[in-house]
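Chemist: Quick one: the structure is below, questions incoming.
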Amino acid sequence: METITIQERFLALPTTAISDATGGHTNVDASIKPLSDHFKIAGRVVTVRLPDGENGAVLEAISKAEKGDILVIDAKGNRNRAVAGDFVVSLAKGVGIQGFVVDGVIRDIAAIRELDFPVFALGTTVAAGNKHGGGAVGVPISIGGVAIHPGDFVIGDIDGVIVVPQTDLEKVVEAAEEKLAKDMAREREALGDGEASIRAYLAKVLAK
338 METITIQERF LALPTTAISD ATGGHTNVDA SIKPLSDHFK IAGRVVTVRL PDGENGAVLE
398 AISKAEKGDI LVIDAKGNRN RAVAGDFVVS LAKGVGIQGF VVDGVIRDIA AIRELDFPVF
458 ALGTTVAAGN KHGGGAVGVP ISIGGVAIHP GDFVIGDIDG VIVVPQTDLE KVVEAAEEKL
518 AKDMAREREA LGDGEASIRA YLAKVLAK
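In this text, residue positions in the sequence shown follow this note's numbering: the first is 338, and each later residue adds one.
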């Protein structure tokens, strides 16, 4: 029997269930959004810390990442200069990187959507980033109000982005799976027979 990896288990879960499992304490600020609604990511983090307006260290991170990794880029919330465009995204996709999560902006949004490469960011800009140096890869960072360390997991979909510390992966994925199962059971109970089951469910809940 084939073993399902923890990455596959997280990919099968909505971020809402994971947020419920974590108590919402590691939810990234909602301003960091997917560039397309269908983007979904879950995987190990490779961290990138950039000086304001810089993007040179992104290429270093791409060279060090393994297949399925996700680059999480602390660009200090800079909205003026992009951390990447379609060429850099093509490099990342070509070596098997799963996606980017950026506390900053990207550019060439139409081409990136055409590449179907998941990017979660503050938005877009027309200006390229500088390459004067000073960035760092594989260091602790913070994005969207959440601290992230190399090796942590990040999960993202249309509802938002969540960080799960590597020490809590099994505990969180189990709790999220249990929460999703309970939610599905509740839906079956409440919605399974139309209005009759809805009224019965409401009566039961309101009687508590």
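Ideal Cβ positions, reconstructed from N, Cα and C, are used throughout, including at glycine.
#1: Pick helix, strand or coil for F347, following the three-state DSSP scheme.
#2: For a quick check, are the C-beta atoms of V509 and I355 less than 8 Å apart?
#3: Among the candidates Y538, G529, N364, L348, whose CA atom is the shortest distance from the CA of Q435?
#4: G475 and G433 look like a contact to me (Cβ under 8 Å); what is the Cβ gap, rounded to whole Å?
#5: Taking DSSP as the reference, what is the three-state secondary structure of K370?
#6: Taking its Cβ as the centre, do 16 or more other Cβ atoms sit within 10 Å of L459, making it buried, or is it exposed?
#7: Can you have a look at L539 and say buried or exposed, based on whether 16 or more other CB atoms are within 10 angstroms of its CB?
#8: Can you tell me whether F490 is helix, strand or coil according to DSSP?
#9: Quick check on K370: buried or exposed, where buried means 16 or more other Cβ atoms within 10 Å of its Cβ?
#10: When DSSP labels each residue in this structure, what does L543 get in the three-state scheme?
#11: Residues in the same chain with beta-carbon distance under 8 Å from I341, minus the five sequence neighbours each way, listed in chain order, please.
#12: Nearest to R386 by CA position, among V542, E526, G470, L543, is which residue?
#13: Label N417 either buried or exposed according to how many other C-beta atoms from any shown protein chain fall within 10 Å of its C-beta, with 16 as the threshold for buried.
#14: Check F454 in the structure and name its three-state DSSP category.
#15: Based on the DSSP secondary-structure assignment, which residues constitute the bridge partners of R416?
#16: For chain C, check one thing: does any of its Cβ atoms lie closer than 8 Å to the Cβ of G466?
#17: Would you mind listing the alpha helix (DSSP H) stretches within the region 416-441 that are 4+ residues and don't spill past its ends, in chain order?
#18: What did DSSP end up calling E507 once you bin it into helix, strand or coil?
#19: Please tell me whether V438 and F457 are closer than 8 Å, where the distance is taken between their beta carbons.
#20: Compare the beta carbon distance of D411 and S479 with 8 Å and say whether it is the shorter of the two.
Modeler: Straight from the coordinates:
#1: The answer is helix: DSSP assigns F347 an H, G or I state.
#2: Yes, the Cβ-Cβ distance between V509 and I355 is below 8 Å.
#3: Here the closest residue by C-alpha is L348.
#4: G475 to G433, Cβ: 18 Å. No contact.
#5: Taken through DSSP and simplified to helix, strand or coil, K370 comes out as strand.
#6: In the assembly as shown, L459 is a buried residue. Its beta-carbon has 16 or more other beta-carbons within 10 Å.
#7: When all chains shown are included, L539 counts as exposed.
#8: If DSSP states are grouped into helix, strand and coil, F490 belongs with the strands.
#9: Burial call: buried.
#10: If DSSP states are grouped into helix, strand and coil, L543 belongs with the helices.
#11: Cβ neighbours of I341 beyond the five flanking positions: none.
#12: A check of alpha carbon separations from R386 across V542, E526, G470, L543 identifies G470 as the nearest.
#13: Counting Cβ neighbours within 10 Å, N417 comes out exposed, since fewer than 16 surround it.
#14: Coil.
#15: Per DSSP, R416 has no beta-bridge partner at all.
#16: Given the protein chain composition of this structure (a single chain), no chain C is represented.
#17: Correct list: 423-431.
#18: DSSP places E507 in helix when its eight states are reduced to three.
#19: In this structure, V438 lies near F457, with their beta-carbon atoms less than 8 Å apart.
#20: Less than 8 Å separates the beta-carbon of D411 from that of S479.
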